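Input: a single structure, listed below in C-alpha cells.
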Amino acid sequence: MTAPFLPFTRPAIDAETIAAVGEVFRSGQLASGPKVQAFEAALSAYLGEGRQVRVMTSATAGLEMALEIAGIGEGDEVIVPAMSFAASANVVARLRAKPVFVDVELRSRNIDVALIEPKITARTRAIMPVHFSGLAVDMDAVQSIAAKRGLRVVEDAAHAIGTRYRNRLIGSFGDLTVFSFHPNKNMTCIEGGAIATGDGKAAHLVEQYRFHGIERNAEGEIDVMFPGTKSNLTDVAAQVGIEQLKRLDGFNARRRALANLYFAELEDFSGAVLPARGDSGHAWHMFQLLIDFAARGMTRPAFQKMMAARGIGIGVHYPCIPGLSYYRQQGYRPEDTPVAARIGRETVTLPLFPAMQDEDVGRVCGALREVLGV
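Letter by letter, the sequence shown follows residues 1 to 374 in this note's numbering.
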C-alpha cells in the first residue's frame, strides 16, 4: 500500500476547535469582539505579567505597525537580516525607510550579531532581529547594542511563538515583539499576528493603527487621530487562536521530538549541512538542510520533484532577500551577504508538523539518501 503524501507542514485543527468556531458563527458576533479580547488576554497571560498583547490580521501588518510606533519613517535605516521572508524587509521599504542587510550565521540562519555595529550609521533607528525557524537570537547582545546606540528593537518572532531565550519566552521581555499565526506556523488562527509589548501606550497605539486610527470617548463617539489601517482580527479567527494556544506547548514539544529524530537519523549524513540544534527553548518551526545542488549535478526543483515522486513534500525557505528583483533594483547585491546568499541557493525544508509519526522521519531520510545517493 502506497504511503500518503507527506507535506512539509500541515496545521493541527481538531474537532474541539471546529465546534468552538461553530459556536462563534451561531453567536452572530463575527468581527472583532469578545473573542478577540479573550485571545489577547490569553496571549498576555501566556507571556507573563506586565506584557500586553494586541492581535491583527497578519504578522506583516504587525511589523509595519511596530515600526511606525517605533517612529520609523522616510529616510531612516533599519538593520534587517539578509535571510528571512521578504516581509521582514518589505515593511521597512513600505514606510520609505531603508533596510540595511546584515549577513547571518550559516547553521542558525540568525543575524550575525558581530556584524551589526559596523552597519549602524547616523540614520539607523532600529534593529529587527528574526528568530529564524524558532531559534532565539542572542537578545542580550542585540539589546546591549541597541541601548548603547539609542535604537529601538522590533523582534520578528513570526517563527517563534513558544520559543525560549535563557528560559524566558520570546515576547515576555523587550521592546516590541511580533508573532505570526499563519497556517504554517507553530500555532494558527487561520491568518493573524500579534504584537507583544510592556508599554501600555504602544499597545493603545496598536489598537488605533489596526482600525483606521479611531479613538472612542466614554460615550462611544469616535474621532480619528491619524490615518490608520484596517487590519483588525475577526472573532472567528480569534477563537481558533484561543484553542490553538491551549495546545501550543504540546505542539512545540512534538516538534522538538521530531527534530531530535531527524538529528539521530542524519548523524552520519554527509550530503548536507544540518541546522543548528539549539537548546530546549528552540520551538522548531522548520527543519532545514543546505544541499550543494551544483556540486551534485542537479537543480533544487529537480530534487523537489524526485522527493515528491517518493511522496515527500519539500519547501524552500527562503531566497536571500537582497537577491530578489525589487531589492536588486534598489542596488542591493546578494554577494554582499555571502552566507545568506549560500543559504538562499541551497536551502530545503523537510516535513515537520505535530501530526507526523516517528516513522515519517525515517521515511523522509530514506528518500533523501536515495535521491542524493549518500
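Backbone N, C-alpha and C define an ideal beta-carbon position, used for all residues, glycine too. Note that the structure is a prediction, hence the values are computed from the model and not measured.
Selection from 138, 358 and 44 that minimises the alpha carbon distance to residue 179:
44
Residues near residue 112 in its chain [Cβ-Cβ closer than 7 Å; skip 5 each side]
102, 103, 104 and 105
Would you be able to state if there are at least three C-beta pairs under 8 Å between the segment 52-61 and the segment 171-187?
yes
Measure how close the beta-carbons of residue 88 and residue 100 come, nearest whole angstrom, since I'm counting them as under 8 Å.
12 Å between Cβ atoms; not a contact.
Short Cβ contact (9 Å threshold) for residue 247 with residue 187:
yes
Spell out a yes or no on whether the segment 269-282 and the segment 143-154 are touching, meaning 3 or more CB-CB pairs, one atom from each, closer than 8 Å.
no
Neighbourhood of residue 203 by C-beta distance below 7 Å, restricted to the same chain and skipping five residues each side:
52, 54 and 197
Helix, strand or coil at residue 376 according to DSSP, with G and I counted as helix
For residue 376 there is no data in the structure shown, the boundaries of the chain being 1 and 374.
For residue 91, I'd like the list of residues in its chain whose CB is within less than 7 Å of its CB, leaving aside the five on either flank, ordered along the chain.
60, 63, 64 and 67
According to DSSP, is residue 323 helix, strand or coil?
helix
Checking 9 Å against the spacing of the C-beta atoms, do residue 353 and residue 109 come in under that value?
no
I'd like to know whether the C-beta atoms of residue 135 and residue 351 end up nearer to each other than 9 Å.
no
Closest by C-alpha distance to residue 144, when choosing among 174, 48 and 373
174
Can you give me the C-alpha to C-alpha distance between residue 319 and residue 93, rounded to a whole angstrom?
18 Å
Inter-residue spacing [alpha-carbon to alpha-carbon] between residue 86 and residue 219
43 Å
Output the residue ranges of the beta strand (DSSP E) runs that lie fully inside the segment 23-63 and measure 3 residues or longer, sorted by chain position.
52-56
Is the segment 353-371 in contact with the segment 320-336, if contact means three or more CB pairs nearer than 8 Å?
no
Note down the Cα distance separating residue 209 from residue 69, rounded to an integer number of angstroms.
9 Å
Determine the burial state of residue 261: buried for a count of at least 16 other Cβ atoms within 10 Å of its Cβ, exposed for fewer.
buried
I believe residue 126 touches residue 78 by the beta-carbon criterion, under 8 Å. Please report the beta-carbon distance rounded to the nearest angstrom.
5 Å
So, helix, strand or coil for residue 273, using DSSP?
strand
Runs of 3 residues minimum, wholly inside the segment 176-206: which ones carry the beta strand (DSSP E) assignment?
176-180 and 193-197
My output table needs one value for residue 77: the three-state DSSP class, helix, strand or coil.
strand
So, helix, strand or coil for residue 6, using DSSP?
strand
In whole angstroms, give me the CA-to-CA distance for residue 344 and residue 221.
51 Å
Indicate the three-state DSSP secondary structure (helix, strand or coil) for residue 165 in the structure shown.
strand
DSSP-derived helix/strand/coil call for residue 107
coil
With a 10 Å radius around its C-beta and 16 neighbouring C-beta atoms as the bar for buried, classify residue 305 as buried or exposed.
exposed
Residues in its own chain within less than 7 Å of residue 16 by CB, not counting five upstream and five downstream?
243
Give the straight-line distance between the Cα atoms of residue 48 and residue 172, rounded to the nearest whole angstrom.
6 Å
Just curious, the beta strand (DSSP E) that residue 290 is in, first and last residue?
287-290
Look at the Cβ atom of residue 286, then the Cβ atom of residue 84, and state whether they are nearer than 9 Å.
no
Inter-residue Cα distance where the pair is residue 357 and residue 258
8 Å
Please list, in chain order, all residues of the same chain as residue 234 whose beta carbon is under 7 Å from its beta carbon, the five residues on each side excluded.
30, 31 and 32
What three-state label does DSSP hand residue 214 in the structure shown?
strand
For residue 362 and chain B, any beta-carbon pair shorter than 9 Å?
Given the protein chain composition of this structure (a single chain), no chain B is represented.
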